[in-house]
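Everything on this sheet refers to the single structure shown next.
Residue numbers (my numbering): 1 to 503.
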(Lines of atoms letter the chains of each structure in order from A and count residues from 1; the text may use other names and numbers.)
(Lines give C-alpha, C1' and ligand atoms only; values in the text may rest on other atoms or scores of the structure.)
Protein backbone atom coordinates (compact mmCIF):
# COMPACT_ATOMS: atom_id res chain seq x y z
CA UNK A 1 0.00 0.00 0.00
CA UNK A 2 1.40 3.38 -0.99
CA UNK A 3 1.92 6.06 1.64
CA UNK A 4 -0.75 8.24 0.03
CA UNK A 5 -3.24 5.37 0.15
CA UNK A 6 -2.35 4.65 3.78
CA UNK A 7 -3.00 8.27 4.65
CA UNK A 8 -6.43 8.12 2.98
CA UNK A 9 -7.34 4.94 4.87
CA UNK A 10 -6.23 6.29 8.26
CA UNK A 11 -7.85 9.68 7.63
CA UNK A 12 -11.15 8.03 6.65
CA UNK A 13 -10.97 5.80 9.73
CA UNK A 14 -10.43 8.85 11.98
CA UNK A 15 -13.32 10.69 10.32
CA UNK A 16 -15.59 7.76 11.23
CA UNK A 17 -14.29 6.89 14.69
CA UNK A 18 -14.24 10.39 16.19
CA UNK A 19 -18.00 11.13 15.82
CA UNK A 20 -18.79 7.49 16.68
CA UNK A 21 -16.87 7.81 19.94
CA UNK A 22 -18.70 11.09 20.55
CA UNK A 23 -22.01 9.22 20.44
CA UNK A 24 -20.85 6.26 22.52
CA UNK A 25 -18.53 7.95 25.01
CA UNK A 26 -21.20 8.21 27.80
CA UNK A 27 -22.11 4.56 27.23
CA UNK A 28 -18.49 3.34 27.24
CA UNK A 29 -17.58 5.49 30.25
CA UNK A 30 -20.52 4.13 32.24
CA UNK A 31 -19.65 0.54 31.30
CA UNK A 32 -15.99 0.98 32.30
CA UNK A 33 -17.06 2.39 35.66
CA UNK A 34 -19.43 -0.55 36.13
CA UNK A 35 -16.75 -3.13 35.31
CA UNK A 36 -14.35 -1.49 37.77
CA UNK A 37 -16.89 -1.46 40.60
CA UNK A 38 -18.80 -4.72 40.08
CA UNK A 39 -17.06 -7.97 41.00
CA UNK A 40 -19.51 -9.99 38.91
CA UNK A 41 -18.18 -8.49 35.67
CA UNK A 42 -14.64 -7.41 36.54
CA UNK A 43 -13.35 -10.18 34.25
CA UNK A 44 -14.63 -8.04 31.37
CA UNK A 45 -11.65 -5.71 31.79
CA UNK A 46 -9.36 -8.48 30.51
CA UNK A 47 -11.36 -9.36 27.40
CA UNK A 48 -10.28 -6.34 25.28
CA UNK A 49 -6.66 -7.29 26.03
CA UNK A 50 -7.32 -10.81 24.75
CA UNK A 51 -8.95 -9.38 21.61
CA UNK A 52 -5.92 -7.14 21.01
CA UNK A 53 -3.62 -10.15 21.47
CA UNK A 54 -5.61 -12.17 18.92
CA UNK A 55 -5.40 -9.25 16.47
CA UNK A 56 -1.63 -9.20 17.08
CA UNK A 57 -1.46 -12.89 16.18
CA UNK A 58 -3.49 -12.23 13.03
CA UNK A 59 -1.42 -9.21 12.02
CA UNK A 60 0.50 -10.96 9.19
CA UNK A 61 -2.84 -11.91 7.61
CA UNK A 62 -4.32 -8.46 8.24
CA UNK A 63 -1.39 -6.77 6.50
CA UNK A 64 -1.86 -8.96 3.43
CA UNK A 65 -5.66 -8.75 3.28
CA UNK A 66 -7.00 -6.71 0.35
CA UNK A 67 -9.01 -3.58 1.12
CA UNK A 68 -12.23 -3.78 -0.85
CA UNK A 69 -14.73 -1.31 0.65
CA UNK A 70 -18.33 -2.52 0.75
CA UNK A 71 -21.46 -0.39 0.82
CA UNK A 72 -22.99 -3.07 3.07
CA UNK A 73 -20.98 -1.49 5.87
CA UNK A 74 -23.32 1.53 5.73
CA UNK A 75 -26.28 -0.70 6.52
CA UNK A 76 -24.43 -2.40 9.39
CA UNK A 77 -23.44 0.98 10.86
CA UNK A 78 -27.04 2.16 10.48
CA UNK A 79 -28.23 -0.99 12.26
CA UNK A 80 -25.78 -0.45 15.11
CA UNK A 81 -26.80 3.19 15.59
CA UNK A 82 -30.48 2.23 15.47
CA UNK A 83 -29.89 -0.32 18.22
CA UNK A 84 -28.28 2.43 20.30
CA UNK A 85 -31.36 4.63 19.92
CA UNK A 86 -33.64 1.69 20.80
CA UNK A 87 -31.60 0.99 23.94
CA UNK A 88 -31.76 4.62 25.05
CA UNK A 89 -35.51 4.74 24.59
CA UNK A 90 -36.05 1.44 26.42
CA UNK A 91 -33.83 2.54 29.34
CA UNK A 92 -31.61 -0.44 28.60
CA UNK A 93 -27.86 -0.61 29.14
CA UNK A 94 -27.04 -3.74 27.17
CA UNK A 95 -28.34 -2.81 23.71
CA UNK A 96 -26.35 0.47 23.31
CA UNK A 97 -23.16 -1.32 24.40
CA UNK A 98 -23.78 -4.13 21.95
CA UNK A 99 -24.57 -1.63 19.21
CA UNK A 100 -21.08 -0.10 19.57
CA UNK A 101 -19.52 -3.44 18.57
CA UNK A 102 -21.97 -3.74 15.67
CA UNK A 103 -21.02 -0.24 14.49
CA UNK A 104 -17.30 -1.10 14.71
CA UNK A 105 -17.94 -4.18 12.60
CA UNK A 106 -19.76 -1.98 10.10
CA UNK A 107 -16.75 0.34 9.82
CA UNK A 108 -14.44 -2.63 9.17
CA UNK A 109 -16.82 -3.93 6.51
CA UNK A 110 -17.23 -0.48 4.95
CA UNK A 111 -13.50 0.16 4.61
CA UNK A 112 -12.08 -3.34 4.17
CA UNK A 113 -14.82 -5.55 2.82
CA UNK A 114 -15.90 -9.05 3.78
CA UNK A 115 -12.45 -10.66 3.81
CA UNK A 116 -11.14 -8.12 6.32
CA UNK A 117 -14.28 -8.41 8.46
CA UNK A 118 -13.79 -12.18 8.59
CA UNK A 119 -10.33 -11.73 10.11
CA UNK A 120 -11.70 -9.27 12.67
CA UNK A 121 -14.82 -11.28 13.44
CA UNK A 122 -13.72 -13.33 16.47
CA UNK A 123 -11.97 -10.43 18.30
CA UNK A 124 -15.13 -8.34 17.81
CA UNK A 125 -17.49 -11.12 18.90
CA UNK A 126 -15.32 -11.77 21.95
CA UNK A 127 -15.93 -8.19 23.08
CA UNK A 128 -19.62 -9.04 23.49
CA UNK A 129 -18.70 -11.24 26.45
CA UNK A 130 -17.44 -8.22 28.40
CA UNK A 131 -20.85 -6.52 28.29
CA UNK A 132 -22.91 -7.02 31.47
CA UNK A 133 -26.18 -8.80 30.78
CA UNK A 134 -29.48 -6.85 30.91
CA UNK A 135 -31.09 -6.77 34.34
CA UNK A 136 -34.17 -8.41 32.83
CA UNK A 137 -32.01 -11.42 31.93
CA UNK A 138 -29.90 -11.52 35.11
CA UNK A 139 -33.05 -11.47 37.25
CA UNK A 140 -34.42 -14.48 35.38
CA UNK A 141 -31.08 -16.31 35.76
CA UNK A 142 -30.11 -15.22 39.27
CA UNK A 143 -33.30 -16.24 41.05
CA UNK A 144 -33.32 -19.92 39.98
CA UNK A 145 -29.54 -20.12 40.45
CA UNK A 146 -29.91 -18.80 44.01
CA UNK A 147 -32.47 -21.48 44.80
CA UNK A 148 -30.44 -24.21 43.08
CA UNK A 149 -27.27 -23.23 44.97
CA UNK A 150 -29.25 -23.17 48.22
CA UNK A 151 -30.69 -26.64 47.59
CA UNK A 152 -27.35 -28.17 46.61
CA UNK A 153 -25.51 -26.55 49.54
CA UNK A 154 -28.20 -27.85 51.92
CA UNK A 155 -27.87 -31.32 50.41
CA UNK A 156 -24.07 -31.31 50.82
CA UNK A 157 -24.37 -30.16 54.43
CA UNK A 158 -26.92 -32.89 55.18
CA UNK A 159 -24.65 -35.50 53.58
CA UNK A 160 -21.90 -34.35 55.96
CA UNK A 161 -24.26 -34.74 58.91
CA UNK A 162 -24.76 -31.03 59.58
CA UNK A 163 -28.32 -30.28 60.82
CA UNK A 164 -29.73 -27.68 58.47
CA UNK A 165 -33.07 -26.33 57.27
CA UNK A 166 -33.64 -24.33 54.11
CA UNK A 167 -36.34 -21.74 53.51
CA UNK A 168 -36.13 -20.23 50.03
CA UNK A 169 -32.59 -18.92 49.72
CA UNK A 170 -32.02 -18.80 53.49
CA UNK A 171 -30.09 -21.71 55.05
CA UNK A 172 -30.83 -22.13 58.77
CA UNK A 173 -28.00 -23.82 60.68
CA UNK A 174 -29.65 -23.46 64.06
CA UNK A 175 -27.06 -21.24 65.71
CA UNK A 176 -27.08 -18.87 62.73
CA UNK A 177 -28.70 -18.24 59.37
CA UNK A 178 -26.98 -17.84 56.03
CA UNK A 179 -28.61 -16.10 53.08
CA UNK A 180 -27.59 -17.04 49.54
CA UNK A 181 -27.65 -13.56 48.02
CA UNK A 182 -27.31 -12.59 44.34
CA UNK A 183 -23.50 -12.59 44.54
CA UNK A 184 -23.55 -16.23 45.72
CA UNK A 185 -25.93 -17.45 43.02
CA UNK A 186 -22.96 -18.56 40.91
CA UNK A 187 -23.89 -16.39 37.91
CA UNK A 188 -20.66 -14.37 38.19
CA UNK A 189 -18.62 -17.58 37.90
CA UNK A 190 -20.72 -18.95 35.06
CA UNK A 191 -20.29 -15.82 32.94
CA UNK A 192 -16.55 -15.47 33.64
CA UNK A 193 -15.87 -19.15 33.04
CA UNK A 194 -17.89 -19.20 29.81
CA UNK A 195 -15.69 -16.36 28.57
CA UNK A 196 -12.63 -18.34 29.66
CA UNK A 197 -14.02 -21.43 27.95
CA UNK A 198 -14.55 -19.62 24.64
CA UNK A 199 -10.99 -18.26 24.73
CA UNK A 200 -9.61 -21.68 25.69
CA UNK A 201 -11.44 -23.34 22.79
CA UNK A 202 -10.17 -20.72 20.32
CA UNK A 203 -6.58 -21.63 21.14
CA UNK A 204 -6.79 -25.32 22.06
CA UNK A 205 -9.89 -26.84 20.45
CA UNK A 206 -11.12 -26.33 16.89
CA UNK A 207 -13.71 -29.08 16.45
CA UNK A 208 -17.27 -27.69 16.80
CA UNK A 209 -18.84 -30.63 18.65
CA UNK A 210 -15.98 -30.75 21.13
CA UNK A 211 -16.36 -27.00 21.76
CA UNK A 212 -20.05 -27.52 22.53
CA UNK A 213 -19.24 -30.36 24.96
CA UNK A 214 -16.59 -28.29 26.75
CA UNK A 215 -18.86 -25.28 27.21
CA UNK A 216 -21.75 -27.46 28.39
CA UNK A 217 -19.51 -29.24 30.93
CA UNK A 218 -18.56 -25.87 32.41
CA UNK A 219 -22.13 -25.12 33.51
CA UNK A 220 -22.74 -28.01 35.95
CA UNK A 221 -19.11 -27.89 37.11
CA UNK A 222 -19.50 -24.22 38.04
CA UNK A 223 -22.86 -24.72 39.77
CA UNK A 224 -21.59 -27.66 41.84
CA UNK A 225 -18.36 -25.84 42.76
CA UNK A 226 -20.32 -22.78 43.87
CA UNK A 227 -22.70 -24.89 45.97
CA UNK A 228 -19.73 -26.61 47.63
CA UNK A 229 -18.34 -23.19 48.47
CA UNK A 230 -21.65 -22.13 50.04
CA UNK A 231 -21.76 -25.38 52.04
CA UNK A 232 -18.18 -24.77 53.22
CA UNK A 233 -19.26 -21.31 54.43
CA UNK A 234 -21.87 -23.03 56.57
CA UNK A 235 -19.19 -25.15 58.25
CA UNK A 236 -16.39 -22.56 58.38
CA UNK A 237 -17.73 -19.04 59.07
CA UNK A 238 -14.25 -17.62 58.30
CA UNK A 239 -15.07 -18.16 54.61
CA UNK A 240 -17.90 -15.62 54.79
CA UNK A 241 -15.63 -12.59 54.42
CA UNK A 242 -12.07 -11.38 54.06
CA UNK A 243 -9.15 -13.19 52.46
CA UNK A 244 -10.57 -16.69 52.75
CA UNK A 245 -13.83 -15.62 51.11
CA UNK A 246 -11.85 -14.18 48.19
CA UNK A 247 -9.52 -17.18 48.04
CA UNK A 248 -12.38 -19.71 48.01
CA UNK A 249 -13.84 -17.84 45.01
CA UNK A 250 -10.59 -18.24 43.09
CA UNK A 251 -10.61 -21.96 43.91
CA UNK A 252 -13.82 -22.23 41.86
CA UNK A 253 -11.98 -20.83 38.82
CA UNK A 254 -9.05 -23.18 39.38
CA UNK A 255 -11.33 -26.22 39.79
CA UNK A 256 -13.40 -25.44 36.68
CA UNK A 257 -10.33 -24.68 34.58
CA UNK A 258 -8.86 -28.06 35.54
CA UNK A 259 -12.18 -29.69 34.61
CA UNK A 260 -12.11 -27.87 31.26
CA UNK A 261 -8.53 -28.90 30.50
CA UNK A 262 -9.18 -32.47 31.69
CA UNK A 263 -12.29 -32.95 29.57
CA UNK A 264 -10.49 -31.45 26.57
CA UNK A 265 -7.65 -33.95 27.05
CA UNK A 266 -10.10 -36.86 27.28
CA UNK A 267 -11.97 -35.74 24.14
CA UNK A 268 -8.72 -35.50 22.18
CA UNK A 269 -7.62 -38.88 23.52
CA UNK A 270 -10.96 -40.45 22.54
CA UNK A 271 -11.12 -38.74 19.13
CA UNK A 272 -7.58 -37.56 18.30
CA UNK A 273 -7.30 -34.41 16.15
CA UNK A 274 -6.48 -35.05 12.51
CA UNK A 275 -4.69 -32.02 11.21
CA UNK A 276 -6.61 -28.77 11.38
CA UNK A 277 -10.15 -29.59 12.40
CA UNK A 278 -11.52 -26.23 11.34
CA UNK A 279 -10.49 -24.53 8.12
CA UNK A 280 -7.90 -21.86 8.66
CA UNK A 281 -8.98 -18.31 8.08
CA UNK A 282 -8.67 -17.75 4.33
CA UNK A 283 -5.60 -15.88 3.21
CA UNK A 284 -6.06 -13.60 0.24
CA UNK A 285 -4.96 -14.80 -3.16
CA UNK A 286 -1.45 -13.80 -4.13
CA UNK A 287 -2.54 -11.30 -6.71
CA UNK A 288 -4.79 -9.62 -4.16
CA UNK A 289 -2.09 -9.10 -1.55
CA UNK A 290 -1.60 -5.47 -0.52
CA UNK A 291 -4.32 -4.31 -2.87
CA UNK A 292 -6.28 -1.28 -1.75
CA UNK A 293 -9.27 0.42 -3.23
CA UNK A 294 -8.86 3.74 -4.94
CA UNK A 295 -8.64 6.66 -2.47
CA UNK A 296 -11.81 8.14 -3.92
CA UNK A 297 -13.68 4.94 -3.03
CA UNK A 298 -12.59 5.21 0.60
CA UNK A 299 -13.41 8.89 0.84
CA UNK A 300 -16.88 8.59 -0.70
CA UNK A 301 -17.93 5.75 1.60
CA UNK A 302 -16.29 7.43 4.59
CA UNK A 303 -18.10 10.73 3.97
CA UNK A 304 -21.48 8.98 3.58
CA UNK A 305 -20.94 7.02 6.82
CA UNK A 306 -19.71 10.12 8.69
CA UNK A 307 -22.82 12.06 7.61
CA UNK A 308 -24.97 9.16 8.81
CA UNK A 309 -23.23 9.16 12.21
CA UNK A 310 -23.55 12.95 12.56
CA UNK A 311 -27.29 12.72 11.82
CA UNK A 312 -27.66 10.20 14.65
CA UNK A 313 -25.97 12.44 17.25
CA UNK A 314 -28.98 14.74 17.87
CA UNK A 315 -31.35 11.77 17.59
CA UNK A 316 -29.45 9.90 20.32
CA UNK A 317 -29.44 13.00 22.52
CA UNK A 318 -33.19 13.35 22.11
CA UNK A 319 -33.71 9.67 22.93
CA UNK A 320 -31.69 9.99 26.13
CA UNK A 321 -33.61 12.99 27.46
CA UNK A 322 -37.28 12.08 27.81
CA UNK A 323 -38.72 14.67 30.26
CA UNK A 324 -40.47 13.60 33.48
CA UNK A 325 -44.23 13.16 33.30
CA UNK A 326 -45.92 13.74 36.68
CA UNK A 327 -48.89 11.97 38.25
CA UNK A 328 -52.34 13.44 37.75
CA UNK A 329 -52.47 13.81 41.54
CA UNK A 330 -50.17 12.65 44.32
CA UNK A 331 -50.44 9.11 45.68
CA UNK A 332 -50.65 10.57 49.19
CA UNK A 333 -54.18 11.57 48.16
CA UNK A 334 -55.06 8.05 47.00
CA UNK A 335 -58.60 7.13 47.96
CA UNK A 336 -58.78 4.94 51.06
CA UNK A 337 -62.33 3.89 50.18
CA UNK A 338 -62.67 1.61 47.15
CA UNK A 339 -66.16 0.16 46.98
CA UNK A 340 -66.63 -1.96 50.12
CA UNK A 341 -62.90 -1.85 50.87
CA UNK A 342 -61.53 0.47 53.55
CA UNK A 343 -57.80 1.26 53.53
CA UNK A 344 -55.02 2.75 55.60
CA UNK A 345 -51.47 3.85 54.79
CA UNK A 346 -48.76 1.44 55.97
CA UNK A 347 -45.24 2.49 56.97
CA UNK A 348 -42.38 1.28 54.78
CA UNK A 349 -38.65 1.50 55.44
CA UNK A 350 -37.22 4.57 53.60
CA UNK A 351 -34.19 2.51 52.53
CA UNK A 352 -36.49 0.07 50.75
CA UNK A 353 -38.23 2.97 49.01
CA UNK A 354 -34.86 4.42 47.97
CA UNK A 355 -33.88 1.05 46.52
CA UNK A 356 -36.88 1.17 44.15
CA UNK A 357 -35.75 4.61 42.86
CA UNK A 358 -39.39 5.45 42.24
CA UNK A 359 -40.67 9.02 41.86
CA UNK A 360 -43.72 8.31 44.05
CA UNK A 361 -45.06 5.32 45.96
CA UNK A 362 -48.04 4.05 47.92
CA UNK A 363 -48.08 1.26 50.50
CA UNK A 364 -51.56 0.61 51.86
CA UNK A 365 -53.70 -2.14 53.35
CA UNK A 366 -57.38 -2.53 52.43
CA UNK A 367 -59.93 -4.59 54.35
CA UNK A 368 -63.36 -5.86 53.40
CA UNK A 369 -65.22 -7.53 56.31
CA UNK A 370 -66.81 -10.05 53.96
CA UNK A 371 -63.62 -10.97 52.08
CA UNK A 372 -60.47 -10.18 54.09
CA UNK A 373 -57.31 -8.09 53.69
CA UNK A 374 -55.35 -7.01 50.61
CA UNK A 375 -52.03 -5.16 50.50
CA UNK A 376 -51.56 -2.58 47.73
CA UNK A 377 -48.17 -1.30 46.54
CA UNK A 378 -47.80 1.26 43.74
CA UNK A 379 -44.44 2.54 42.50
CA UNK A 380 -44.57 5.31 39.89
CA UNK A 381 -41.68 6.53 37.71
CA UNK A 382 -41.97 9.93 36.03
CA UNK A 383 -39.23 8.92 33.60
CA UNK A 384 -37.42 5.61 33.38
CA UNK A 385 -33.65 5.91 33.10
CA UNK A 386 -30.80 3.48 32.57
CA UNK A 387 -29.31 4.34 35.98
CA UNK A 388 -31.75 1.89 37.58
CA UNK A 389 -34.89 4.02 37.96
CA UNK A 390 -37.26 1.79 36.04
CA UNK A 391 -40.14 -0.58 36.63
CA UNK A 392 -39.11 -4.17 37.30
CA UNK A 393 -40.64 -7.42 38.51
CA UNK A 394 -41.06 -7.82 42.31
CA UNK A 395 -39.92 -11.46 42.14
CA UNK A 396 -36.37 -10.52 43.13
CA UNK A 397 -37.57 -8.73 46.26
CA UNK A 398 -39.48 -11.80 47.44
CA UNK A 399 -36.57 -14.16 46.82
CA UNK A 400 -34.09 -11.81 48.53
CA UNK A 401 -36.37 -11.76 51.60
CA UNK A 402 -36.40 -15.54 51.86
CA UNK A 403 -39.74 -16.20 50.15
CA UNK A 404 -39.96 -19.24 47.89
CA UNK A 405 -41.92 -18.83 44.66
CA UNK A 406 -44.03 -21.97 44.30
CA UNK A 407 -46.08 -21.15 41.24
CA UNK A 408 -46.45 -18.34 38.74
CA UNK A 409 -48.37 -17.68 35.54
CA UNK A 410 -50.36 -14.97 33.76
CA UNK A 411 -54.13 -14.67 34.12
CA UNK A 412 -56.80 -12.09 33.26
CA UNK A 413 -58.95 -10.36 35.89
CA UNK A 414 -61.05 -8.68 33.19
CA UNK A 415 -61.04 -8.34 29.42
CA UNK A 416 -57.66 -6.91 28.35
CA UNK A 417 -56.42 -6.79 31.96
CA UNK A 418 -53.68 -9.44 32.36
CA UNK A 419 -51.81 -9.85 35.67
CA UNK A 420 -48.92 -11.97 36.87
CA UNK A 421 -50.32 -14.56 39.32
CA UNK A 422 -47.79 -15.81 41.89
CA UNK A 423 -47.84 -17.99 45.03
CA UNK A 424 -45.00 -17.46 47.52
CA UNK A 425 -44.17 -19.33 50.73
CA UNK A 426 -42.12 -18.49 53.82
CA UNK A 427 -42.26 -21.10 56.57
CA UNK A 428 -45.93 -21.81 57.23
CA UNK A 429 -47.07 -18.53 55.66
CA UNK A 430 -48.28 -18.32 52.07
CA UNK A 431 -49.16 -15.29 49.98
CA UNK A 432 -50.99 -14.86 46.70
CA UNK A 433 -49.56 -12.03 44.62
CA UNK A 434 -50.89 -10.17 41.59
CA UNK A 435 -48.70 -7.63 39.81
CA UNK A 436 -48.77 -5.78 36.52
CA UNK A 437 -47.41 -2.67 34.78
CA UNK A 438 -49.30 0.46 33.79
CA UNK A 439 -47.43 2.15 30.96
CA UNK A 440 -49.02 5.25 29.46
CA UNK A 441 -52.53 3.80 29.41
CA UNK A 442 -51.46 0.22 28.69
CA UNK A 443 -52.09 -2.59 31.16
CA UNK A 444 -49.22 -5.10 30.74
CA UNK A 445 -48.03 -8.28 32.44
CA UNK A 446 -44.85 -8.74 30.38
CA UNK A 447 -41.60 -6.94 31.23
CA UNK A 448 -40.45 -7.40 27.63
CA UNK A 449 -43.58 -5.72 26.26
CA UNK A 450 -43.05 -2.93 28.78
CA UNK A 451 -39.54 -2.29 27.40
CA UNK A 452 -40.73 -2.32 23.78
CA UNK A 453 -43.59 0.10 24.43
CA UNK A 454 -41.24 2.34 26.38
CA UNK A 455 -38.96 2.58 23.34
CA UNK A 456 -41.94 3.22 21.05
CA UNK A 457 -43.43 5.97 23.23
CA UNK A 458 -40.04 7.46 23.99
CA UNK A 459 -39.45 8.16 20.32
CA UNK A 460 -42.95 9.17 19.24
CA UNK A 461 -44.32 10.74 22.43
CA UNK A 462 -41.13 11.49 24.43
CA UNK A 463 -42.61 9.67 27.41
CA UNK A 464 -41.11 6.81 29.41
CA UNK A 465 -43.23 7.13 32.56
CA UNK A 466 -44.88 4.06 34.07
CA UNK A 467 -45.99 2.27 37.22
CA UNK A 468 -45.85 -1.11 38.94
CA UNK A 469 -49.01 -2.26 40.73
CA UNK A 470 -48.71 -5.16 43.22
CA UNK A 471 -51.45 -6.78 45.30
CA UNK A 472 -50.87 -9.39 48.05
CA UNK A 473 -53.18 -11.38 50.28
CA UNK A 474 -52.59 -14.28 52.68
CA UNK A 475 -53.54 -17.84 51.72
CA UNK A 476 -55.00 -19.55 54.75
CA UNK A 477 -55.54 -23.02 53.38
CA UNK A 478 -57.94 -21.84 50.70
CA UNK A 479 -56.28 -20.70 47.47
CA UNK A 480 -59.56 -20.16 45.50
CA UNK A 481 -60.82 -17.82 48.24
CA UNK A 482 -57.57 -15.82 48.15
CA UNK A 483 -57.75 -15.63 44.37
CA UNK A 484 -61.36 -14.43 44.50
CA UNK A 485 -60.36 -11.79 47.09
CA UNK A 486 -57.52 -10.38 44.99
CA UNK A 487 -59.55 -10.49 41.77
CA UNK A 488 -62.45 -8.68 43.43
CA UNK A 489 -60.17 -5.93 44.75
CA UNK A 490 -58.25 -5.63 41.46
CA UNK A 491 -61.52 -5.22 39.54
CA UNK A 492 -62.61 -2.48 41.96
CA UNK A 493 -59.22 -0.81 41.44
CA UNK A 494 -59.54 -0.62 37.63
CA UNK A 495 -61.57 2.64 37.46
CA UNK A 496 -59.55 4.24 40.30
CA UNK A 497 -56.03 4.02 38.86
CA UNK A 498 -56.58 6.37 35.85
CA UNK A 499 -57.44 9.16 38.33
CA UNK A 500 -53.79 9.14 39.45
CA UNK A 501 -51.61 7.45 36.82
CA UNK A 502 -51.50 9.34 33.50
CA UNK A 503 -52.46 7.69 30.25
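Here a beta-carbon is modelled for each residue, glycine too, at the ideal position from N, C-alpha and C.
In this chain, residue 39 is not harboured by any alpha helix (DSSP H), its DSSP state being neither H nor E.
In this structure, residue 433 places its C-beta atom within 7 angstroms of the C-beta atom of residue 422. With a cutoff of 7 angstroms on beta-carbon distance, residue 306 and residue 21 are scored as not near each other.
A residue is called buried when at least 16 other Cβ atoms come within 10 angstroms of its Cβ; residue 337 does not meet this threshold and is exposed. Under the 10 Å beta carbon count, residue 31 is surrounded by 16 or more other beta carbons and is classified as buried. Here the alpha carbons of residue 207 and residue 62 stand approximately 24 angstroms from one another. Judged by DSSP secondary structure, residue 245 falls outside any beta strand (DSSP E) and instead within the alpha helix (DSSP H) spanning 242-270.
In the three-state scheme derived from DSSP, where H, G and I count as helix and E and B as strand, residue 178 is classed as strand.
When secondary structure is reduced to three states using DSSP, residue 313 falls in the helix class. In this structure, DSSP gives residue 421 an extended state, which the three-state scheme calls strand. With respect to the 7 angstroms criterion, residue 447 and residue 136 are classified as neighbours on the basis of their beta carbons.
For residue 500, no alpha helix (DSSP H) segment is defined, and its DSSP state is neither H nor E.
Counting other Cβ atoms within 10 Å of its Cβ, residue 412 stays below 16 and is therefore classed as exposed. Between residue 357 and residue 502 a beta carbon distance of about 19 angstroms is seen, past the 8 angstroms cut, so the two are scored as non-contacting. Judged by their CB atoms, residue 249 and residue 223 are not nearer to each other than the 7 angstroms cut-off. Within the same chain, 491 and 494 come within 7 angstroms of residue 414 by CB-CB distance, once the 5 residues on both sides are set aside.
In chain order, 70 place their CB closer than 7 angstroms to the CB of residue 114, counting only its own chain and leaving out the 5 sequence neighbours on each side.
As a beta-bridge residue in DSSP terms, residue 367 pairs with 342 and 373. Here residue 425 has 404 and 406 as same chain residues with Cβ atoms under 6 angstroms from its own Cβ, once five neighbours each way along the sequence are excluded.
Per DSSP, the unbroken beta strand (DSSP E) holding residue 472 starts and ends at 466-474. For residue 499, the closest of 255, 453 and 332 by C-alpha to C-alpha distance is 332.
Between the beta-carbon of residue 139 and that of residue 430 there is about 23 angstroms, and that puts the pair past the 8 angstroms contact cut.
DSSP, read as helix, strand or coil, puts residue 436 in strand. Between the region 159-172 and the region 200-214 there are fewer than three C-beta pairs closer than 8 angstroms, too few to call the two in contact. CA-to-CA, the gap between residue 162 and residue 471 works out to about 39 angstroms.
In the DSSP assignment, residue 61 falls outside any beta strand (DSSP E) and within the unbroken alpha helix (DSSP H) covering 47-64. In the structure shown, residue 173 falls within a coil segment according to DSSP collapsed to helix, strand and coil.
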